[in-house]
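Note sheet for the following structure.
2 protein chains.
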Amino acid sequence: MTQVKRVYTFGDGKAEGKADMKNLLGGKGANLAEMNLIGVPVPAGFTITTEVCTEYNSIGKDKVVELMKAEVEAGVVATEKAMNAKFGSTGEAFPLLLSVRSGARASMPGMMNTVLNLGMNDETVKIIAEKSGNEKFAYDSYRRFIQMYADVVMGVEAEEGEHNPFEVVLDKVKEAKGYDSDADMTIEDLKGVVVSFKAVVKKNAGKDFPTNPWDQLWGSVCAVFDSWNTERAILYRRMERIPDEWGTAVNVQAMVYGNMGDTSATGVCFSRDAATGEDQFNGEYLINAQGEDVVSGVRTPLEITLIGSKRWAERNGTSEADRVAKFPSLEEAMPGLYNELNTVQQKLEDHYSDMQDMEFTIQDGKLWMLQTRSGKRTGAAMVKMAVDMLAEGMINEKTAILRQEPNKLDELLHPVFETSALAAAKLLSKGLPASPGAATGKIVFSAEDAEIEAEKGEKVILVRRETSPEDLKGMYAAVGILTERGGMTSHAAVVARGMGKCCISSAAGLTVGRSSMSINGIEYKKGDFISLNGSTGIVYEGKIDTITPTLDGDFGKVMDMAERNTKMYVRTNADSPSDAKTAREFGAKGIGLCRTEHMFFEGDRIWAIREMILAEDLAGRKDALAKLLPIQREDFYGILKAMDGFGVTIRLLDPPLHEFTPNDLDSQKEMAEKLGIDVKVVTEKVDSLHEFNPMLGHRGCRLGNTYPEITEMQARAIIEAACDLKKEGFDPKPEIMVPLIGTVKEYVMQEEIIRRIATEVQAEKGVKVDYMVGTMIEIPRAALTANLIAEHAEFFSFGTNDLTQMAFGYSRDDAGKFLPIYIEKGILKEDPFQSLDQEGVGQLVEMACEKGKSARPNIKLGICGEHGGEPTSVEFCHRTGLDYVSCSPFRVPIARLAAAQANLR
Amino acid sequence: MTQVKRVYTFGDGKAEGKADMKNLLGGKGANLAEMNLIGVPVPAGFTITTEVCTEYNSIGKDKVVELMKAEVEAGVVATEKAMNAKFGSTGEAFPLLLSVRSGARASMPGMMNTVLNLGMNDETVKIIAEKSGNEKFAYDSYRRFIQMYADVVMGVEAEEGEHNPFEVVLDKVKEAKGYDSDADMTIEDLKGVVVSFKAVVKKNAGKDFPTNPWDQLWGSVCAVFDSWNTERAILYRRMERIPDEWGTAVNVQAMVYGNMGDTSATGVCFSRDAATGEDQFNGEYLINAQGEDVVSGVRTPLEITLIGSKRWAERNGTSEADRVAKFPSLEEAMPGLYNELNTVQQKLEDHYSDMQDMEFTIQDGKLWMLQTRSGKRTGAAMVKMAVDMLAEGMINEKTAILRQEPNKLDELLHPVFETSALAAAKLLSKGLPASPGAATGKIVFSAEDAEIEAEKGEKVILVRRETSPEDLKGMYAAVGILTERGGMTSHAAVVARGMGKCCISSAAGLTVGRSSMSINGIEYKKGDFISLNGSTGIVYEGKIDTITPTLDGDFGKVMDMAERNTKMYVRTNADSPSDAKTAREFGAKGIGLCRTEHMFFEGDRIWAIREMILAEDLAGRKDALAKLLPIQREDFYGILKAMDGFGVTIRLLDPPLHEFTPNDLDSQKEMAEKLGIDVKVVTEKVDSLHEFNPMLGHRGCRLGNTYPEITEMQARAIIEAACDLKKEGFDPKPEIMVPLIGTVKEYVMQEEIIRRIATEVQAEKGVKVDYMVGTMIEIPRAALTANLIAEHAEFFSFGTNDLTQMAFGYSRDDAGKFLPIYIEKGILKEDPFQSLDQEGVGQLVEMACEKGKSARPNIKLGICGEHGGEPTSVEFCHRTGLDYVSCSPFRVPIARLAAAQANLR
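Just so you know, the sequences run in chain order A and B.
Numbering of the first sequence is given in my numbering, commencing with residue 13 and proceeding in unit increments.
Numbering of the second sequence is given in my numbering, commencing with residue 13 and proceeding in unit increments.
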């Protein structure tokens with residue numbers, strides 16, 4: 013039996029671990045080991061593995077401590093040796109002080125516990141004071157250690173509504189002595205604080221503060237493991253999709269101090285610019301300070317490089333003299349150490365082939381690196397760095413692609429707020445980030461007003477309880493949409509994303525009336541300014557300027573790389589020639605979903621469809637449909653032309669007919685007048701169209717099969733448009749899609765109509781066109797019987813919105829009532845309308861692909877649900893063998909990148 | 013290569029086919045062959061197989077005629093020999109005349125074509141006249157043949173709005189001669205008619221009537237094959253679930269005549285009484301008549317037996333003298349032939365071991381049997397015959413069980429109309445037969461009125477647009493329910509079936525107002541009488557008396573047989589102790605579905621649940637729930653006691669909360685007053701509960717997981733009741749069922765609550781109870797992930813109503829708009845809410861069973877959807893390996909029988 017190795021030491025240029033052992037040692041531990049191996053100066057220490065965390069959670073604290081005891085003790089000995097110090101020393105040797113930090117596979121900033129200065133007690137503090145020649149530093153560290161340890165390990169903290177008992181002690185001292193800050197305390201004050209702190213511990217924890225360094229160490233290690241299962245850590249993991257099973261490693265490392273005087277310093281730095289991607293070393297530091305001082309904002313941190321310092325001074329209007337005197341760069345203040353740091357950062361970036369985010373401490377003139385990791389970056393920086401590093405030969409194309417976060421491309425495609433303006437803005441509410449981008453404008457409460465105001469040149473935000481297809485023109489006219497209700501796949505959200513327009517839905521505390529709205533009690537009227545950040549879901553008061561980003565050359569280069577490395581292609585969901593054009597510019601190769609009903613709301617078309625609905629018989633319906641025919645033909649002509657040469661999947665009429673009729677009596681009266689019939693007839697018709705569950709009602713091919721004349725008209729419009737284009741020398745490729753198929757016969761009946769009409773039209777026009785007939789797979793039963801359907805259908809397009817609704821039994825319009833609670837409680841890891849549920853819905857997709865191919869090996873497979881633009885779902889589609897994904901125009905680049913990544917993985 | 017045999021001859025005590033070749037020869041053909049083999053006199057002939065019909069439909073008429081030509085010709089020769097006649101004889105031999113009839117595997121009465129007297133032309137008619145010595149008979153047969161052949165084979169029929177051209181000829185003759193009926197025509201008249209008929213054919217068909225008997229034969233055979241694909245035949249097959257692929261056989265048989273004078277006769281007879289099951293030979297006949305005369309009603313048919321004749325006379329007030337003179341029985345009129353017939357019928361019943369329905373003809377003193385088949389019978393007769401025949405040793409228990417039609421038991425369980433009263437009743441409308449039985453009463457339009465009138469002792473019919481849980485008490489009070497909307501699984505239908513109460517839903521032409529209703533334009537007010545037949549869906553005007561059938565001993569014997577031969581047991585869906593008792597009497601072994609929410613509507617309970625809904629916080633909700641606890645405990649106590657010793661599956665709260673709140677403002681005001689809050693609060697709450705698709709909304713375990721306190725209360729009520737019963741010496745077996753599970757975590761969270769509360773309660777009460785925790789499988793995703801769920805759940809109960817809704821994407825409340833059209837067009841073979849869709853939904857059930865067993869081999873499996881009482885679905889459940897099915901109390905006997913049949917098959 014092999015002994016399980018639980019502890020990996022590092023230090024003095026040696027290490028038992030290395031960079032690729034992240035799963036076992038956590039990100040931090042693996043990089044600490046790796047830095048040692050490549051000769052970067054790192055305080056020695058050791059890492060307790062993530063597997064121990066798992067053991068800890070299953071077999072319990074006592075057994076685990078027993079199992080790792082010998083290895084930890086050996087780790088301490090190794091650290092003592094490397095650092096030339098002794099843990100708990102009360103004699104000749106310098107006492108070794110330790111930090112104990114968590115370090116999981118993925119970063120969980122601020123979520124987990126840390127203990128610093130461990131190893132101090134009444135004896136060691138004296139020796140440290142003596143050996144360091146800095147008594148104040150020694151006692152200051154001691155009192156910090158007691159407070160931190162008592163909090164983290166012993167649970168001594170403020171009672172609800174009370175002040176923190178340690179702060180109470182400090183406040184008393186400062187008040188008595190008239191000090192402004194902790195730093196003013198004298199050595200004697202600090203010694204008194206230590207005594208008081210220990211009394212606080214005794215009183216609050218019911219036991220003495222542990223003086224034995226080993227007890228301190230075990231207490232800290234276990235506290236870090238315990239912190240893996242705090243509520244906030246669990247919640248964070250849920251949000252960031254980090255599995256609970258991963259566990260955290262614990263890093264025990266020798267302390268180094270940036271606060272030992274003016275030859276000491278501490279800072280954070282980046283090998284490139286995280287905001288712009290520029291290849292410029294940068295960062296911040298403070299002399300005679302601890303790491304927390306740099307980030308806490310109590311002191312203004314200084315720039316590390318001279319160039320950074322000069323830029324900073326310029327931004328802040330600081331004179332060069334003042335800058336040099338009060339805000340010198342590290343490059344100026346400690347040129348030798350700066351050079352050393354610069355060399356190290358370059359070495360680390362070269363070694364990891366990626367932009368590094370590093371922490372360092374200079375203790376009494378010696379540089380120590382405490383952490384290195386790949387740095388977070390903006391979307392723009394992500395793109396630029398990848399392109400630059402590829403050009404520099406630092407990375408290859410595969411890495412350049414895989415290193416992109418597809419969702420971050422979004423930042424490059426939508427307007428953003430001006431950072432300066434944003435700082436002062438008042439936050440009003442947070443809702444769902446339903447469609448990304450930033451928008452600022454005047455409030456309007458109706459689609460009509462939106463059109464009127466936009467006509468005048470005003471930028472307007474359309475605020476509605478929820479939107480319906482009747483609001484479409486208003487949504488076009490608005491720069492942003494805000495709704496009281498609805499989820500990520502509500503009408504507002506889906507349509508806004510399609511338009512690339514910013515939208516926030518289900519804003520907290522928002523109540524929308526007819527001519528005003530209130531947000532958490534504050535009233536806003538038509539014409540008031542608000543601003544929306546659709547990428548974060550935040551609603552701001554007033555006007556905030558926005559900037560429209562430009563797609564520079566690097567973006568194009570990344571897209572080209574994706575193109576070269578992809579197997580699955582990307583289509584778009586588009587209902588108009590202009591959307592089709594936008595998407596084509598973004599690299600869409602065809603349309604995966606063209607919703608014909610959206611066209612019915614424009615202009616006077618709605619009247620023709622209403623006339624059809626109200627017709628008493630087939631003849632009346634055919635008359636009304638005859639009016640729609642030329643309009644639809646024109647629509648299809650435009651769209652097929654915009655996508656010339658690529659397939660265009662056109663879905664036949666899908667929504668229930670009541671979506672085209674008005675619900676309020678006034679509009680019904682208007683409708684009756686317009687159509688020259690009794691209002692009672694209208695009201696009765698609207699009543700008769702009412703459904704309890706319209707999502708499961710008379711819609712999709714159920715319309716086409718009960719009113720075949722609708723299918724006939726639409727098929728005719730499509731094929732006529734295609735024939736006309738063909739004659740003009742274009743290459744139209746319509747793919748006619750029958751929606752909501754549940755049984756093969758439903759499909760066969762629709763297909764028969766389509767093919768019959770297509771044959772007729774082609775004969776009339778004297779030209780042949782390439783067309784396909786297929787179906788959407790969006791009903792579970794269609795997936796279950798896909799083999800039968802594929803005997804007839806030439807293509808399947810997965811309508812994963814409806815498939816998700818029916819597989820889960822969730823109405824996307826209503827799920828807002830429980831989905832957020834489900835995600836919070838961890839019942840669902842994520843919103844299945846945003847990220848395809850591979851465990852459940854995915855089975856239906858796989859099943860349908862398999863069964864479909866068994867009946868028709870060359871069947872064309874795609875997805876046109878909202879998931880088509882979501883990276884993990886795109887990866888699933890690739891694995892499942894789909895030919896393409898289709899998404900809204902503004903998600904096309906994201907999907908293309910995700911598709912390439914899926915192929916490379 | 014073996015030669016395919018297409019023609020099977022029979023006659024003269026020999027036959028190439030036999031009874032068990034029904035699939036190939038059709039029912040009629042197989043029995044004609046069999047009768048020959050057992051020595052029953054049958055006119056000779058031959059059968060063209062059903063396979064030829066299939067060939068006919070695939071390769072076409074000409075090729076098929078070519079393929080079977082030689083065999084048909086040989087068949088005619090054999091027939092000639094057996095009958096001592098010659099087809100198309102113009103010389104010495106008597107001309108052989110033939111009948112050509114369809115004969116499919118299943119009976120399709122009146123759907124298909126028949127040609128009689130085939131082989132006649134101007135030559136043969138003369139010889140027949142001469143040889144038979146009956147010239148009038150010969151020419152009468154000839155003119156009938158021309159008309160029939162012209163209609164069936166040549167398509168000569170009345171133009172739209174015109175009279176039938178043959179009838180026009182006959183009318184002219186009768187008018188000119190002043191005759192009352194066709195029978196008055198003289199030989200000369202008939203000869204003139206023949207000439208005129210041939211002219212009609214020439215004019216209408218554009219060609220001469222075929223004089224060649226062989227042309228006539230081929231024309232007729234093909235016409236029968238063609239009639240397989242007429243619209244009405246296709247529609248009939250769809251309704252009766254007869255596959256199109258079966259095809260029909262064609263029987264070509266020598267004609268015999270019951271109309272050759274007073275020594276000839278024809279009739280139909282039954283070996284037992286088809287209405288009562290009594291073992292009494294019976295039937296009707298006419299002397300000197302053709303078969304169609306017996307059924308057409310032009311002449312009053314006579315009774316075959318003396319006892320039948322006497323009974324008939326008694327019923328009709330006919331004196332014995334009159335009876336003997338004008339209405340003699342065959343037993344009296346032709347005693348020798350009667351004895352022969354009596355022997356044959358006994359022989360046939362013995363041979364087939366079942367009640368026979370026979371046709372016979374006596375030609376000139378000789379008895380010929382033309383057809384025998386198992387006779388149709390009423391439910392009561394079905395039961396009695398099976399029990400009698402088993403006692404007689406004619407059949408064994410297996411046959412006795414398999415011969416029952418489970419659905420017919422329904423007739424024995426519900427009231428029926430008095431036949432005499434029914435005859436005069438005016439039919440008003442036809443709707444869906446939503447719940448069987450007959451009811452008659454005064455119309456009321458509200459649940460309240462129903463209660464008030466019932467209180468007064470009135471029988472009332474509750475008429476509603478649709479029903480909701482608020483109507484429950486009114487439904488209890490009513491004798492029948494009639495709704496304007498809703499399908500077979502609408503609220504009204506499901507609840508009515510549960511109560512065993514007659515219900516018709518979606519009545520055609522019905523519009524329900526507040527205080528009146530109109531059916532197809534006629535207005536009815538409160539207090540008017542109507543009558544409903546829930547078994548047929550027919551609504552009658554006025555009062556029609558009903559009879560309540562009693563369950564006699566034979567019914568019990570059939571149930572005992574089912575019990576001995578079953579593997580799967582039957583539970584019931586019951587929400588009250590009284591329903592539980594009824595079902596137990598019908599043989600239910602436990603409850604498969606107890607819907608706790610139904611209990612919430614009784615009495616003042618609704619107020620407690622409304623208080624809970626309106627509570628502002630957890631504390632308020634808990635207060636309100638505390639009021640419900642003792643009420644629910646009492647409910648469960650009663651139900652568990654009624655089902656003592658059997659499992660009782662109790663489903664936790666399932667419907668969306670808005671079902672408990674009133675929608676109209678008046679009721680909202682009442683609610684506000686009652687609860688002492690502002691009506692605005694009520695209105696806002698009701699608004700906030702509104703859902704677009706409540707079926708896919710916040711309901712089922714989504715309630716329990718967002719409001720765990722509801723689950724806590726219900727679990728407590730169940731376990732407390734069980735503990736109390738246990739202490740009293742009962743054996744309660746609650747099975748707590750979590751509804752609407754889609755993910756395993758939803759289940760686990762609910763299970764944790766239930767088990768925690770159960771442990772608490774058992775500790776409090778100091779007693780242990782047997783309880784299980786499991787879930788309903790009604791969401792497709794639950795079926796897809798059943799292996800994960802079964803790791804925790806102890807049982808699965810298939811909620812096939814919801815599973816069907818979500819697998820098809822049909823809302824059962826709305827599907828009425830397209831389902832009837834879908835069934836009519838053949839897109840669906842049957843309503844999937846009535847008969848489980850094995851092709852699609854069935855896959856999910858099978859998948860869940862398989863996956864469930866893989867994780868928990870002994871998992872208990874059942875079904876509690878409406879399908880649990882439908883025989884073909886029950887058979888599917890048996891095949892799939894379920895432990896039990898559960899259905900409404902009044903379907904329990906049906907399900908028990910179906911389960912036994914499934915096991916025996």
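For glycine and all other residues, C-beta sits at the position ideal for the given N, C-alpha and C.
What residues of chain A sit near residue i, judged by a beta carbon separation below 9 Å?
i        : result
Phe830/B : Gly709, His710, Arg714, Leu715, Asn717, Thr718
Name the residue from the options whose alpha carbon lies nearest to the alpha carbon of residue i.
i        : options                                : result
Ser530/B : Lys593/B, Ser441/B, Lys485/B           : Ser441/B
Ser232/B : Cys514/B, Asp163/B, Ile835/B           : Asp163/B
Gly41/B  : Phe209/B, Arg156/B, Asn263/B           : Asn263/B
Thr278/B : Ala266/B, Thr288/B, Glu296/B, Ala287/B : Glu296/B
Arg793/B : Gly602/B, Met784/B, Phe810/B, Ala727/B : Phe810/B
Ala211/A : Ala195/A, Val180/A, Asn224/A           : Val180/A
Need the endpoints of the beta strand (DSSP E) that residue i sits in, please.
i        : result
Trp380/B : 378-386
Phe808/B : 807-810
Thr373/B : 368-375
Leu873/B : 872-875
Output the boundary residues of the alpha helix (DSSP H) element that contains residue i.
i        : result
Lys757/A : 756-777
Glu135/A : No alpha helix (DSSP H) contains Glu135/A, which DSSP labels as neither H nor E.
Leu909/B : 904-916
Mind pulling the chain B residues with CB within less than 9 Å of residue i?
i        : result
Ser283/A : Residues of chain B passing the Cβ test: none, with the nearest at roughly 42 Å.
If contacts are defined as beta-carbon pairs under 8 Å, then residue i and residue j qualify, I think. What distance do you get, rounded to the angstrom?
i        : j        : result
Gly38/A  : Arg155/A : So it is not a contact: roughly 30 Å between Cβ atoms.
Ala261/B : Val165/B : Between Val165/B and Ala261/B the Cβ distance is about 18 Å, and since that is not below 8 Å, they are no contact.
Gly877/A : Asn813/A : 4 Å
Pro901/B : Ala600/B : 7 Å
Could you name the residues of chain B that residue i contacts, counting a contact when the two beta carbons are closer than 8 Å?
i        : result
Leu856/A : Pro792, Leu796
Going along chain A in order, which residues have a C-beta closer than 7 Å to the C-beta of residue i?
i        : result
Asp825/B : Phe704, Asn705
Ile851/B : Note that residue 851/B is Glu in the sequence shown, not Ile. Those are Thr797, listed as they occur along chain A.
Is the region 625-643 of chain B in contact with the region 756-771 of chain B, if contact means three or more CB pairs nearer than 8 Å? In short, these stretches do not touch, since the Cβ pair count stays below three.
Check whether the region 367-374 of chain A touches the region 402-410 of chain A, counting contact only when three or more Cβ pairs, one atom from each stretch, lie closer than 8 Å. The region 367-374 of chain A is not in contact with the region 402-410 of chain A.
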